[in-house]
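Here the structure is laid out as structure tokens; the discussion comes afterwards.
Numbering (this note's numbering), first residue to last: 628 to 955.
Below is the structure:
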């Protein structure tokens, strides 16, 4: 049984990675319905929380049906991180996660996210400040190091465990790689097999199929797997992985009806949470992913990303379901 503090996550948990502009409450709700064991908010700027920035505050929204759920914060100032952890604690998530992995330039330039990989002492101080300021379990998501010449995850894991983190998620790339090339899970396995390490170690990077999930579980010995980009447009990947791990058989392919139902729920939940207009507009980035592979879909996709009336979009989704179901 894998546990973070008092949170039980099962024998081999599947985690939804925190993704900016993706892992909001509507998407998390979908992933939860398909079997995700632990999810995180989009990352939230500690400075934004302290300034009471509306966007940052909105990201604090969590709901009981998605528990256990963590809120992820980032920043490069100890005092700000400690204070933001207290703000996070007030909305009662199950845990606080620190982002030391985001490779995006605007975050790194502020000495936050993966920018902290250049300064392990600062990373340790920031983490200790958060641990001391909250009663919640604190976890960390990070990368192997800044670049191939400075892979320091072995030292980072020990030092962060020593200051009190209760789980570590490791993306098997350096900051220099961004999201290119292949993720290297060998250093992740080395951290997991380190006799000094007793906290759960979760692997992240390139898990895009049930077969790969089983292979990486067996090869690298991690306590669980974090899935990110592969869940976009395919939240059922959690169900598929769990089925394959349990049976060795592939889950039946997702049906068109299930696809359309997922899109409909995602749209309606987005409209409910963000407001109808914003929910419809922000949903546009998802349609192509949900309907990937359907033949002659261009006209439907054009309509989905131009319509501004919710009932019309829902009618179009019904029409898509009928058309492709009939043609199948």
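C-beta atoms are modelled at their ideal positions from N, C-alpha and C, and glycine is treated no differently.
For the putative contact between residue i and residue j, defined by C-beta atoms under 8 Å, what is the C-beta separation to the nearest angstrom?
i           : j           : result
residue 889 : residue 847 : Actually they do not touch by this definition, with Cβ atoms about 30 Å apart.
residue 781 : residue 821 : 7 Å
residue 797 : residue 834 : No, residue 797 and residue 834 are not in contact; Cβ-Cβ is about 13 Å, not under 8 Å.
residue 878 : residue 867 : 5 Å
Can the beta-carbon of residue i be found less than 7 Å from the beta-carbon of residue j?
i           : j           : result
residue 686 : residue 668 : yes
residue 632 : residue 869 : no
residue 757 : residue 816 : no
residue 903 : residue 937 : yes
residue 837 : residue 806 : no
residue 887 : residue 948 : yes
residue 659 : residue 693 : yes
residue 770 : residue 830 : no
residue 783 : residue 754 : no
residue 652 : residue 688 : yes
residue 640 : residue 851 : yes
residue 636 : residue 676 : no
residue 683 : residue 671 : yes
Spell out the partners DSSP gives residue i in its beta bridges.
i           : result
residue 748 : Answer by DSSP bridge pairing: none, since residue 748 is not bridged.
residue 666 : 643 and 696
residue 672 : 701
residue 798 : 770 and 831
residue 839 : The partner list for residue 839 (beta bridge, DSSP) is empty, contrary to what the question assumes.
residue 631 : 634
Can you tell me the Cα-Cα spacing of residue i and residue j, whole angstroms?
i           : j           : result
residue 919 : residue 856 : 14 Å
residue 946 : residue 883 : 12 Å
residue 706 : residue 849 : 33 Å
residue 881 : residue 901 : 28 Å
residue 932 : residue 764 : 41 Å
residue 894 : residue 722 : 28 Å
residue 862 : residue 788 : 31 Å
residue 678 : residue 802 : 28 Å
residue 742 : residue 726 : 10 Å
residue 906 : residue 715 : 25 Å
residue 943 : residue 927 : 8 Å
residue 940 : residue 929 : 12 Å
residue 825 : residue 656 : 31 Å
residue 750 : residue 909 : 34 Å
residue 864 : residue 952 : 22 Å
residue 840 : residue 704 : 36 Å
residue 767 : residue 646 : 15 Å
residue 799 : residue 700 : 20 Å
residue 794 : residue 923 : 45 Å
residue 811 : residue 832 : 8 Å
residue 630 : residue 925 : 46 Å
residue 853 : residue 844 : 11 Å
residue 776 : residue 813 : 16 Å
residue 760 : residue 708 : 9 Å
residue 644 : residue 819 : 19 Å
residue 642 : residue 724 : 13 Å
Specify, as a first and last residue, the run of the alpha helix (DSSP H) that residue i falls within.
i           : result
residue 961 : Outside the shown range of the chain (628 to 955) lies residue 961, about which nothing can therefore be said.
residue 722 : First-last for residue 722: 722–727, but that is the beta strand (DSSP E), not the alpha helix (DSSP H).
residue 815 : 813–820
residue 789 : 780–789
residue 806 : That residue, residue 806, is in no alpha helix (DSSP H); it is neither H nor E in DSSP.
residue 848 : No alpha helix (DSSP H) contains residue 848, which DSSP labels as neither H nor E.
residue 928 : 925–931
residue 652 : 652–660
residue 897 : 883–901
What is the residue span of the beta strand (DSSP E) that residue i lies within?
i           : result
residue 872 : First-last for residue 872: 864–874, but that is the alpha helix (DSSP H), not the beta strand (DSSP E).
residue 920 : Segment: none, residue 920 is in no beta strand (DSSP E) and carries neither H nor E.
residue 852 : 851–854
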